[in-house]
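> This is the structure, below, for whatever I ask next.
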Amino acid sequence: MTEKFVVRIDPGSGLAKTGMGNLVRTFSSLYERHDPVTFDEFSRFNGATKSDIITVDLGPAGVYQVGLPEAVGFNERVIGINRYKDPVWAKLMVTAALSKFPALVRADNPTITLGVLTPYALLKDRRTGGMDVSKTLTSSMRGLFNVPFGKKIVPIRVSTVKVFGEGLTGFAYFAYDKDMQLKPQYQNTNTLYLDIGRGTINTAFMCGNRPHMDTVRSEQWGTNLFYRMIARNLDQSAGAISPDRVELMIRSGTMTKQQKVVVADQSAIYINTMLSYARAVESQVDLPIDRLIVFGGALYVVDAITETLTNTYPETLFGDEFTNLRGLGLLLGDGDESEQDS
Ligand SMILES: Nc1ncnc2c1ncn2[C@@H]1O[C@H](COP(=O)(O)OP(=O)(O)OP(=O)(O)O)[C@@H](O)[C@H]1O
Ligand SMILES: [Mg+2]
Numbered sequence: 001m002t003e004k005f006v007v008r009i010d011p012g013s014g015l016a017k018t019g020m021g022n023l024v025r026t027f028s029s030l031y032e033r034h035d036p037v038t039f040d041e042f043s044r045f046n047g048a049t050k051s052d053i054i055t056v057d058l059g060p061a062g063v064y065q066v067g068l069p070e071a072v073g074f075n076e077r078v079i080g081i082n083r084y085k086d087p088v089w090a091k092l093m094v095t096a097a098l099s100k101f102p103a104l105v106r107a108d109n110p111t112i113t114l115g116v117l118t119p120y121a122l123l124k125d126r127r128t129g130g131m132d133v134s135k136t137l138t139s140s141m142r143g144l145f146n147v148p149f150g151k152k153i154v155p156i157r158v159s160t161v162k163v164f165g166e167g168l169t170g171f172a173y174f175a176y177d178k179d180m181q182l183k184p185q186y187q188n189t190n191t192l193y194l195d196i197g198r199g200t201i202n203t204a205f206m207c208g209n210r211p212h213m214d215t216v217r218s219e220q221w222g223t224n225l226f227y228r229m230i231a232r233n234l235d236q237s238a239g240a241i242s243p244d245r246v247e248l249m250i251r252s253g254t255m256t257k258q259q260k261v262v263v264a265d266q267s268a269i270y271i272n273t274m275l276s277y278a279r280a281v282e283s284q285v286d287l288p289i290d291r292l293i294v295f296g297g298a299l300y301v302v303d304a305i306t307e308t309l310t311n312t313y314p315e316t317l318f319g320d321e322f323t324n325l326r327g328l329g330l331l332l333g334d335g336d337e338s339e340q341d342s
């Protein structure tokens, strides 16, 4: 007997997310040295204790390691690799994701279908002769994985890999019903979706459910850029402030009056960049945007983003950093996403 499972992975550059059925888990992106999310935020979604967290990272001397945090020394960053093309990165992603679901250990001969996200713009490139991300990911993410569960290592087989476009899956979450029919309010209307993550903004202009291919983009304007903008504008008389420090400052809310002013000013500039971009797309395709859909972690950190966007586009809808993962669940028929965690 084999038991079948669907596991979904959204390998974000700020925070990797994985889902199986109704469970949602997060883990290190394998991209930054530390999870930028604090343990408290982390446990909100995981209900986990610190000892449950299995971290996968690049260890000393460039050796990839998998293990409990205490057992792993972090000396290196995985920055600089082409994430979607690196087979080791892909294998670590799958190992880390599978390790989040102990039900797989208890299952009788589990076979897994993996749904994985890559920026939709990279898949578009493939059609135009760019890099074949889908093929690379599929071959790296299939096969037998030795997955750590606590102190045990359990072999688990991934039999099928399906690659979907990050951003587009978030749109699908809003626009499709459970039977995969486009909702009436999305028929004959134009939507611009903005998936604003840590590293990138994934975006496309949608006519109904058809992306306008010239507008499918993955740009380096994620919250990282926002933090850099703030860092540049803060009073640096006490020394330079790193973008990571800026993120901590914003998220903890501990700011001086002057810092609050800088953050509010830069938030306004950052949002205006989005609005100018939306206007530019409207002239590019020569069609009006009827509705914006905005999701991704930026919504937590950019001041007044919901109000400002809604002022210009009253039909704006908002998601969160799990919207892509939910959309992937819808497309794969996995997970009743009314529940975010067990
Ligand atoms: N719960 C939260 N509270 C505060 N800030 C958050 C939260 N979740 C995400 N963020 C912010 O958003 C960023 C990550 O957003 P998101 O998860 O959408 O990015 P990502 O998908 O990992 O990155 P990308 O799509 O660019 O690869 C974090 O680095 C942080 O700045
Ligand atoms: Mg993302």
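When we follow the working numbering, the leftmost residue of the sequence shown carries the number 1, and every step to the right adds one. All C-beta atoms, glycine included, are put in the ideal place defined by N, C-alpha and C.
1. In whole angstroms, give me the CA-to-CA distance for L114 and Q258.
2. Can you tell me the Cα-Cα spacing of A304 and T138, whole angstroms?
3. Cα separation between N202 and V302?
4. Is DSSP giving R142 helix, strand or coil here?
5. Please classify P119 as buried or exposed, where buried requires at least 16 other C-beta atoms within 10 Å of its C-beta.
6. Is it buried or exposed for R210, if we count other Cβ within 10 angstroms and need 16 for buried?
7. State the start and end residues of the unbroken alpha helix (DSSP H) segment that holds E166.
8. What are the residues that DSSP puts in a beta bridge with P11?
9. Quick one: what does DSSP say G297 is sitting in, helix, strand or coil?
10. Anything with a beta carbon under 5 Å from a heavy atom of ligand 2 counts; list them all in chain order.
11. Going by DSSP, what residue range makes up the alpha helix (DSSP H) through V241?
12. When we look at the beta-carbon of K178 and count the other beta-carbons within 10 Å, is it buried (16 or more) or exposed?
13. In terms of residues, what are the limits of the beta strand (DSSP E) holding F226?
14. Check this for me: beta carbons of G197 and G170, under 8 Å apart or not?
Checking against the coordinates, here is how it stands:
1. Counting from 1 along the sequence shown, the entry for residue 114 is found at position 114. Counting from 1 along the sequence shown, the entry for residue 258 is found at position 258. If I take the Cα positions, the gap works out to 47 Å.
2. Locating residue 304 in the sequence shown gives position 304, where the first residue counts as 1. Locating residue 138 in the sequence shown gives position 138, where the first residue counts as 1. In a straight line, the C-alpha of A304 is about 40 Å away from that of T138.
3. For the purposes of this step, residue 202 is taken as the residue at position 202 of the sequence shown. For the purposes of this step, residue 302 is taken as the residue at position 302 of the sequence shown. Spanning the two alpha carbons is a distance of roughly 17 Å.
4. Indexing the sequence shown from 1 puts residue 142 at position 142. Coil.
5. Your numbering for residue 119 matches position 119 in the sequence shown. Result: buried.
6. Within the sequence shown, the letter at position 210 stands for residue 210. Per the 10 Å Cβ criterion, exposed.
7. Counted from its first residue, the sequence shown places residue 166 at position 166. E166 -> not in any alpha helix (DSSP H); beta strand (DSSP E) instead, spanning 152–166.
8. Reading the sequence shown from its first residue, position 11 is the one you call residue 11. Its beta-bridge partners are A16.
9. Taking the first residue of the sequence shown as position 1, residue 297 is located at position 297. Note: G297 maps to coil in three-state DSSP.
10. G12, G197
11. In the sequence shown, the residue the question calls residue 241 occupies position 241. A quick correction: the sequence has Ile, not Val, at residue 241. Run containing I241: none; DSSP gives neither H nor E here.
12. If you number the sequence shown from 1, residue 178 lands on position 178. K178 is exposed by the Cβ-count criterion.
13. Here the question's residue 226 lines up with position 226 in the sequence shown. Counting along the chain, F226 falls outside any beta strand (DSSP E), though it belongs to the alpha helix (DSSP H) covering 223–233.
14. One-based indexing of the sequence shown puts residue 197 at position 197. One-based indexing of the sequence shown puts residue 170 at position 170. Going by C-beta atoms, G197 is not nearer than 8 Å to G170.
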